[in-house]
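Heads up, the thing below is written out as structure tokens.
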Amino acid sequence: MSQESTNPSVTLNSRQLEAVEASEGRVRVVAGAGSGKTRVLAHRYAFLVNDLGISPGNILCLTFTNKAAQEMKHRIARMVDRGSVNDFICTIHSFCVKFLRREIYRIGYPKNFTVIDEEDAKMLAKQAMEEFGIDRRKLTTERFLTNVAALKGYNIDAYIQRHLLPASSPECPDAQVRYMRLQLKHYALDYDDLIYFTIYILNHFEDARRYWTDKLNYIMVDEVQDCSADDWKLLNILASHHGNLFVVGDPDQAIYEWRGANPGIFVNFKASTDIILNENYRSTPDILEIANSIIANNKNRVPKELYTMKLNERRAVYRHARSEKEEAEFIADTIQQGISEGEPAKDFAVLYRSSFLSRQLEQQLLRRKIPYSVWGGVKFFERKEIKDVICYLRLIASDHDDMAFARIINLPARKFGRTSMARLREKAEAIGVPLMRTLRNASDEGDFARSAIKSFIESIDRWREMAVTMPVSELTDKVLIESGLADLYRMDEREDRLENIAELINSMREFELSRDDDDDRALDAYLQEIALYTNGDAMVDKDKVRMMTIHQSKGLEFPTVFVTGLTEGIFPNHRSIRERRKDGEEEERRLMYVAVTRARSMLYLSEAEGYMNDNGALKYPSRFISEIPDVLLTVEGNPDPSLFEGTRNMVSLLNAELGEGDNAPMPPGTEVEHRVFGRGTIVSFDPAARSYRVRFGTTERDLVPRVLKKV
């Protein structure tokens, strides 16, 4: 065994060591960003095995991802005897699969039941919806599955007993129940079902409960702030006999509440031992102070202040730009300078709240031939919806583009499947002309003589005539609406698709502004321009700038981090706040905290003036920038103080709309006084106009708040 395993105090600080040796009871470890929580979990496992003599078969160590589980296994394997690492170092869903392989026979399911992924679930959903005549233009499969999940989660016992046990009633009063009966037919469980069925068996079969709660002497859980209420329910059942539940996490990094995580349970966890790990081994003091100053504004948290023994290197920079293009140029120039001074490209990471924000920077990096990769995602011009639109434009530009034709001929669906395409290809090859021209010539023949096909051909020809004089952005708007693509993406319920389309049209408008009136045909010129972007990254060099959403950056760290697109409304995202109010605002702030704490040595924060894509409103800096003390930032770009006044007005308006904050409106019925009109009663509040309708006797007036005094 290594020195690390035989003498953990060599590598652990006093609080980490306290956590490792806190073996009994309910232990809560609040582990700040970069505080070494994975090290603590691995050492604690080794301590239980090496020092206390606990058999690995009696230890359950749960992680949030399969990757984290593999990393944990490798770490532990270096600290314990060979053979002392078992299959109970896994994700919570993996544990449930292991449990159910042994126990699911109790409810009539075979041992080799099927675990279905999202695509499998969609296939079953489509079948159920078709059987009940549900129009997928009115209810998407995603929304249908969301409704099914809500139905299941409302009462676990009821949905299993009524619909998913082999002996349950075969009646299917609606499509949701039919979906569950289709699951039963295939003995198929989705990810939620894995948790639910495990809980169900533990609650209904005493011998199974007794076996597992006795077997699992020690339970350790990583990233516990991301556990749902049902995950917690399972953990508490498993720990009910021995009572040894060791949970590690950071409520300040809870960024998955929107998909069911419940960080409040961790915040309110009643522990026999409470430990806070707040020494950070990753970032410089200034970066940590920035993170601390932002997250301090949240209420639903366990208070802690991160600190470090490292020294500052360079002060963090806040860069205000006059345009999104200027913001992207600043980032690209900074990276280029760093690379020229010997820094590897992979030392730079660019983080953003939404994926559409990558477009401008991708173009600037390509122009400078700086290698980059979109981490965990797809490059802007390679995203499905972008390629769909571009292929429509390519076919409008030329009949000769067979690849574009093949992509869009059945998008949206025109009943032109593989068989039709094979026949058309055969005909095209026989006469030696492109697919589009072949279809045009054969549109009165057999299978090709359909109204949907004639309409497609007529649309392409009509748009081609428009393209001669119409700006590309306007043409694209027409194509989106008239082709049905806009409705298709709207139904998809993936809001980032619509955001990406809006950003594509934004790029077209920029292109149009840069052109001279006597340039060549706009459509051809635009397609030639973006071909440089779509084909620009054929390099396989792994030394690349990393670009990713903040959600994808969790668990990673980089020497230099750029947090871009810090515009109020985008980050924090106002849609999220409107949907979940203060919970949404706090999760957005936690997301900012995660972004800042990815940086080891240097942090850049940036935003730009301009107009919002969705509503054309003026852009203002994010409230998060205002929450950082001035002494911690080097400010570049001379932002006008009036911009931050605009931010405060936006925040106040949003709070008033939601009825929250210091500017929350007075409710109807409140008595107020006006210095001229006298006493009156509030009838209503208009959040858009930020005004009250007040009744004075028999007269009603619309008045701004400042002229009213509450009686």
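Quick note: the sequence shown uses my numbering, first residue 149, plus one each step.
Beta carbons are placed, not taken as given, at the ideal position from N, Cα and C, and that holds for glycine.
* I479 versus L499 - alpha carbon distance -> Taking the first residue of the sequence shown as 1, we reach residue 479 at position 331. Taking the first residue of the sequence shown as 1, we reach residue 499 at position 351. About 11 Å.
* Bounding residues of the beta strand (DSSP E) (the contiguous stretch that carries P813) -> Stepping through the sequence shown from its first residue, residue 813 is reached at position 665. Counting along the chain, P813 falls outside any beta strand (DSSP E), and DSSP gives it neither H nor E.
* Asked: By the 10 Å Cβ neighbour count, where 16 or more other Cβ atoms means buried, how is Y257 classified, buried or exposed?
  -> As a working mapping, residue 257 is identified with position 109 in the sequence shown. Answer is buried; the Cβ neighbour count reaches 16.
* Go ahead and label N384 buried or exposed: buried means 16 or more other beta carbons lie within 10 angstroms of its beta carbon, across all protein chains shown. => On the sequence shown, position 236 is the one that residue 384 refers to. Counting Cβ neighbours within 10 Å, N384 comes out exposed, since fewer than 16 surround it.
* Should S774 be labelled buried (16 or more other beta-carbon atoms within 10 Å of its own) or exposed? -> Stepping through the sequence shown from its first residue, residue 774 is reached at position 626. Result: exposed.
* To do: For S317, verify whether its CB is less than 7 Å away from any heavy atom of the ligand PLP.
  => The ligand PLP is not part of this structure, which contains no ligands at all.
* Asked: Which class does L572 belong to by DSSP, given the choice of helix, strand or coil?
  -> Walking along the sequence shown from the start, residue 572 turns up at place 424. Helix.
* **Residues sharing a beta bridge with S839, DSSP** => The residue given as residue 839 occupies position 691 in the sequence shown. Bridge partners of S839: D834.
* To do: Report the three-state DSSP secondary structure of T288 (helix, strand or coil).
  => On the sequence shown, position 140 is the one that residue 288 refers to. Note: T288 maps to coil in three-state DSSP.
* Asked: Cβ atoms of S770 and T715: under 8 Å apart, would you say?
  -> What you label residue 715 is simply residue 567 of the sequence shown in a count that begins at 1. What you label residue 770 is simply residue 622 of the sequence shown in a count that begins at 1. Yes, they are a contact pair.
* Asked: So, do the stretch 576-590 and the stretch 650-662 have three or more beta carbon pairs nearer to each other than 8 Å?
  -> no
* Run of the beta strand (DSSP E) containing E784, from where it starts to where it stops -> What you label residue 784 is simply residue 636 of the sequence shown in a count that begins at 1. Element bounds for E784: 781-784.
* Roughly how many angstroms lie between the CA atoms of C244 and K259, to the nearest whole one? -> Taking the sequence shown and counting its residues from 1, the one referred to as residue 244 is at position 96. Taking the sequence shown and counting its residues from 1, the one referred to as residue 259 is at position 111. Rounded to the nearest angstrom, the two C-alpha atoms are 13 Å apart.
* Give me the Cβ distance between L781 and Y466, rounded to the nearest whole Å; I'm assuming they're in contact under 8 Å. => By 1-based counting over the sequence shown, the position of residue 781 is 633. By 1-based counting over the sequence shown, the position of residue 466 is 318. The Cβ separation is near 5 Å, so the contact holds.
* Leaving out five residues before and five after D398 in sequence, what residues of the same chain have Cβ atoms less than 7 Å from its Cβ? -> Residue 398 sits at position 250 when you count from the first residue of the sequence shown. Cβ within range, chain order: V178, A179, G180, A181, Q373.
* Relative to the C-alpha of E267, which residue among K246, D283, I282, T289 is closest? -> Here residue 267 refers to the residue found at position 119 when the sequence shown is read from its first residue. Of K246, D283, I282, T289, the residue nearest in Cα terms is T289.
* Under 8 Å between C-beta atoms of F564 and I556 -> On the sequence shown, residue 564 is found 416 positions in, with the first residue counted as 1. On the sequence shown, residue 556 is found 408 positions in, with the first residue counted as 1. Contact flag unset, no.
* Asked: Distance, Cα to Cα, W360 vs L425?
  -> Here the question's residue 360 lines up with position 212 in the sequence shown. Here the question's residue 425 lines up with position 277 in the sequence shown. So the alpha carbons of these two residues sit roughly 31 Å apart.
* The alpha helix (DSSP H) spanning A356 covers which residue range? -> Within the sequence shown, residue 356 is the residue found at index 208, counting from 1. Per DSSP, A356 belongs to the alpha helix (DSSP H) from 354-363.
* **Exposure of K858, with buried meaning 16 or more beta-carbon neighbours within 10 Å** => For this step, residue 858 is matched to residue 710 along the sequence shown. Exposed, because fewer than 16 other Cβ atoms sit within 10 Å of the Cβ of K858.
* Asked: If you draw a straight line from the alpha carbon of S471 to that of I438, how long is it in whole angstroms?
  -> Taking the sequence shown and counting its residues from 1, the one referred to as residue 471 is at position 323. Taking the sequence shown and counting its residues from 1, the one referred to as residue 438 is at position 290. If you take the alpha carbons of S471 and I438, they lie about 25 Å apart.
* Please name the residue or residues paired with I207 in a DSSP beta bridge. => Residue 207 sits at position 59 when you count from the first residue of the sequence shown. I207 is bridged to Y366.
* Identify, in the order they occur along the chain, each residue of the same chain with its Cβ nearer than 7 Å to the Cβ of D666, setting aside the five sequence neighbours on each side. => Counting from one through the sequence shown, the residue named residue 666 turns up at place 518. With a pLDDT of 48 at D666, under the threshold of 50, the modelled position of this residue cannot be trusted; read the value that follows with caution. No residues qualify anywhere along the chain.
* To do: State the Cα-Cα distance for the pair D265 and M457, rounded to the nearest angstrom.
  => One-based indexing of the sequence shown puts residue 265 at position 117. One-based indexing of the sequence shown puts residue 457 at position 309. The straight-line gap from Cα to Cα measures roughly 45 Å.
* Excluding the 5 residues preceding and the 5 following V831 in the sequence, name in chain order all residues of the same chain whose CB lies nearer than 7 Å to its CB. => Locating residue 831 in the sequence shown gives position 683, where the first residue counts as 1. Here the set comprises P816, R841, V842, R843, E848.
* Return the residue from the list R310, K702, D341, E727 that minimises the CA-CA distance to Y741. => As a first step, residue 741 must be located in the sequence shown, where it is residue number 593. The shortest Cα separation from Y741 among R310, K702, D341, E727 belongs to K702.
* **Inter-residue spacing [alpha-carbon to alpha-carbon] between R638 and S162** => By 1-based counting over the sequence shown, the position of residue 638 is 490. By 1-based counting over the sequence shown, the position of residue 162 is 14. Going from the Cα of R638 to the Cα of S162 covers about 54 Å.
* Asked: Going by Cα to Cα distance, which pick from D370, A493, L160 is closest to K215?
  -> On the sequence shown, residue 215 is found 67 positions in, with the first residue counted as 1. Nearest of D370, A493, L160 to K215, Cα basis: D370.
* Who does H822 pair with in a DSSP beta bridge? -> One-based indexing of the sequence shown puts residue 822 at position 674. Paired residue(s): G826.
* **Cβ-based burial, M271 [other Cβ within 10 Å; buried from 16]** => Residue mapping note: residue 271 aligns to position 123 of the sequence shown, counting from 1. By the 10 Å Cβ count, M271 comes out exposed.
* From A597 to E577, what does the alpha carbon distance come to, in whole angstroms? -> For this step, residue 597 is matched to residue 449 along the sequence shown. For this step, residue 577 is matched to residue 429 along the sequence shown. Between A597 and E577, the C-alpha separation is close to 20 Å.
* Asked: Does the count of Cβ pairs from the stretch 315-326 and the stretch 289-306 closer than 8 Å reach three?
  -> yes
* Starting from the C-beta of E475, find all residues in its chain whose C-beta is less than 6 Å away, skip the five residues before and the five after it, and write them out in chain order. => Locating residue 475 in the sequence shown gives position 327, counting from the first residue. Taken in chain order, the residues that qualify are A469, S754, A756.
* Could you tell me which of S631, S242, A194, T159 sits nearest to D379, measuring between CA atoms? => Start at 1 with the first residue of the sequence shown, and residue 379 comes out as number 231. Of the listed residues, the one whose Cα sits closest to D379 is S242.
* Asked: Which word fits G826, buried or exposed, when buried means at least 16 other C-beta atoms lie within 10 angstroms of its C-beta?
  -> Walking along the sequence shown from the start, residue 826 turns up at place 678. With fewer than 16 Cβ atoms within 10 Å of its Cβ, G826 is classed as exposed.
* Measure the CB-CB distance between L543 and D536 and report whether it falls below 8 Å. => Taking the sequence shown and counting its residues from 1, the one referred to as residue 543 is at position 395. Taking the sequence shown and counting its residues from 1, the one referred to as residue 536 is at position 388. In this structure, D536 does not lie closer than 8 Å to L543 by Cβ.
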